[in-house]
Amino acid sequence: MISVKNLNKSFNGKSVLNDISVTFETGKTNLIIGRSGSGKTVLLKSIVGLHEVDSGEIWFEDTLFNKLDFKDRKDIRSEMGMLFQGSALFDSLTAEQNVRFPLDMFTDKSPEEKNERVNFCLNRVNIINANKLFPAELSGGMKKRVAIARAISLNPKYLFCDEPNSGLDPITAILIDELIKELTEEYSMTTIVNTHDMNSVMEIGEKIIFISDGIKCWEGNKNEILHSDCGTLNDFVFANSLAKKLRTTNK
Amino acid sequence: MQIGLYFLLLKKVFSKPEKPSIYYRQTIKEFVYLGLNSIGILSIISFFMGAVITLQTAYNMENPIYPTYLIGLGCRDSIILEFSSTVAALILAGKVGSNIASEIGTMRVTEQIDALEIMGVNSASYLILPKIIATLIFNPILTLICIIVGIFGGWIAGTLSGVITSENFIYGIQYAFIPYYITYSLIKTVFFAFIITSVSAFQGYYVDGGSLEVGQASTKAVVYSSVVILLFNVILTQLLLS
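Protein chains in written order, with numbering that gives the first Met the number 0: chain A, 0 to 250; chain B, 0 to 241.
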């Protein structure tokens, strides 16, 4: 479980996150949704410690994460996996070397055990016959899947995904969403996904928070989101013409 | 503020590595990438610089009072004292410095550095320390290659153009030789190697933005490294030769 309490973050005096409090539950796919520039990525990066917050608390179970120094954070970071918006695979390494990297860095496993784990992770995300390819030779969807394989290589307790299906076609996007949901349930991880894709929201949103201008405006699940009273959330959810039509029909 | 940030980065770079065996492997890669791959360009430049120094020295020493072997001596001292360390360092600032800044800068803007940090890897140390170690060890070897190839270029140019005989040139490069000049040149090279790598890595590591900013960081890396090299050239010359 990850708890965020009264989180504030600003850049050059401009407030980006304003008094955010939320609890992300274990074994569930937790979604942070909002418009571009609403503060989703800043919130996610603040939670994982890539941004230092101005005030507030970030708890990983019983540990106050944001008060730890770099060395003490390592223990918790070894339990984190993160999928970045652009995949962030290491350009100079092949797909399998990317997945192997955390194993080389943080485990004392034998080469055979590492190979076994790498192959397992790549198979788990359906990467077949592409182990020796470099990121530049992979498609967008494959990059995301290799990045997921790298994120799960150390059996993380926490999985963070920043816009996992941005730039992907709708079918591949759904595959990535399903994969994240399956892995979350399989390993009982606490997963936090940043997205502005309503398909993802309706597919995997077990717990959803909506952020607008750095303020948490709404919290609920995918069944409640269509019946909210929150005006800004409704503008977001029913932004496209198909959704508007459906809403009008339902009314 | 930038200088403070630079020293904070160095502190991070020189903290204890997570897994020394991985750093060792990275350092070997950097030997090839930053060291071996520079031999070609430096050899070509050294050869022609040696040739030009010989021809210019000969042109300025047409007075029969001066013995011709001084052409060899002039070529030797110019190559050892200034070319092999300082000029070669400026060339490397262009080749290696821009390479380091753009590589690390691209990793920054594509969130690869963030990915390292998330894993709990000290990204500054992992990315920069192997480069510093590789250049500190390999650049002195490059300097020695520059000296040998430069003097060889001078000998070829001098003898083929007929401005000096082979015997006189060889006598000149042996005449009044002070071995300390080599030490002086190697000490300067070690300082310059550190400057090139650390200044360029600093420019790349703190890139903020996109490809445009990576390009700017690459340019800054070359410009700042070159200026700091020239400044330290004066300081080290005063300290080591006075």
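For each residue, glycine too, the CB sits at the ideal point set by N, CA and C.
Given the structure is predicted, the values throughout are model-derived calculations rather than measurements.
{"Asked": "Rounded separation between Ser9(A) and Tyr179(B) - CA only", "Found": "57 Å"}
{"Asked": "For Gly33(A), the residue or residues it bridges with in DSSP", "Found": "Ile210(A)"}
{"Asked": "Rounded straight-line distance, which links the Cα of Asp196(A) to that of Asp234(A)", "Found": "14 Å"}
{"Asked": "Local conformation of Lys66(A) per DSSP, three classes", "Found": "helix"}
{"Asked": "Cβ pair count under 8 Å reaching 3, the stretch 85–102 of chain B against the stretch 152–162 of chain B", "Found": "no"}
{"Asked": "Minimum Cβ-Cβ distance from Arg76(A) to chain B less than 8 Å", "Found": "yes"}
{"Asked": "Beta-carbon gap between Lys27(A) and Lys215(A) smaller than 8 Å", "Found": "no"}
{"Asked": "Buried versus exposed, by CB contacts within 10 Å (16 or more), Pro155(A)", "Found": "buried"}
{"Asked": "Phe59(A) in three-state terms, based on DSSP", "Found": "strand"}
{"Asked": "At least three beta-carbon pairs within less than 8 Å, the stretch 31–41 of chain A to the stretch 210–227 of chain A", "Found": "yes"}
{"Asked": "Through-space distance from Gln84(A) to Gln111(B), alpha-carbon basis", "Found": "11 Å"}
{"Asked": "Buried versus exposed, by CB contacts within 10 Å (16 or more), Lys15(B)", "Found": "exposed"}
{"Asked": "Span of the beta strand (DSSP E) around Val47(A)", "Found": "No beta strand (DSSP E) holds Val47(A); the alpha helix (DSSP H) holding it covers 39–47."}
{"Asked": "Within-8 Å CB hit, Met104(A) to chain B", "Found": "yes"}
{"Asked": "The stretch 219–239 of chain A contacting the stretch 161–169 of chain B, beta-carbon criterion three pairs below 8 Å", "Found": "no"}
{"Asked": "Minimum C-alpha distance to Met106(B) - residue among Leu238(B), Leu240(B), Asp207(B), Ser83(B)", "Found": "Asp207(B)"}
{"Asked": "Candidates Ile170(A), Leu153(A), Val192(A), Asn193(A), of which the one nearest Ser77(A) by Cα", "Found": "Leu153(A)"}
{"Asked": "is_contact[Lys219(B), chain A] using C-beta, thresh 8 Å", "Found": "no"}
{"Asked": "Alpha-carbon spacing of Asn36(B) relative to Ile43(B), whole angstroms", "Found": "13 Å"}
{"Asked": "Against chain A: residues of the stretch 106–127 of chain B by CB proximity under 7 Å", "Found": "Thr109, Glu110, Gln111, Asp113, Ala114, Glu116, Ile117, Met118, Gly119, Val120"}
{"Asked": "Contacting residues, own chain, Cβ-Cβ under 8 Å from Phe69(A) (five flanking each side not counted)", "Found": "none"}
{"Asked": "Separation of Leu185(B) from Phe64(A), as counted between CA atoms", "Found": "47 Å"}
{"Asked": "Buried/exposed call for Val233(B), threshold 16 Cβ in 10 Å", "Found": "exposed"}
{"Asked": "Backbone secondary structure at Glu177(A) - three-state DSSP", "Found": "helix"}
{"Asked": "C-alpha distance - Thr183(A) paired with Asn121(B), whole-angstrom precision", "Found": "28 Å"}
{"Asked": "Assigned secondary structure, Met81(A) (DSSP; H/G/I helix, E/B strand, else coil)", "Found": "strand"}
{"Asked": "Own chain residues within Cβ distance below 6 Å of Ile79(B), not counting five before or after", "Found": "Ile146, Tyr180, Ser184"}
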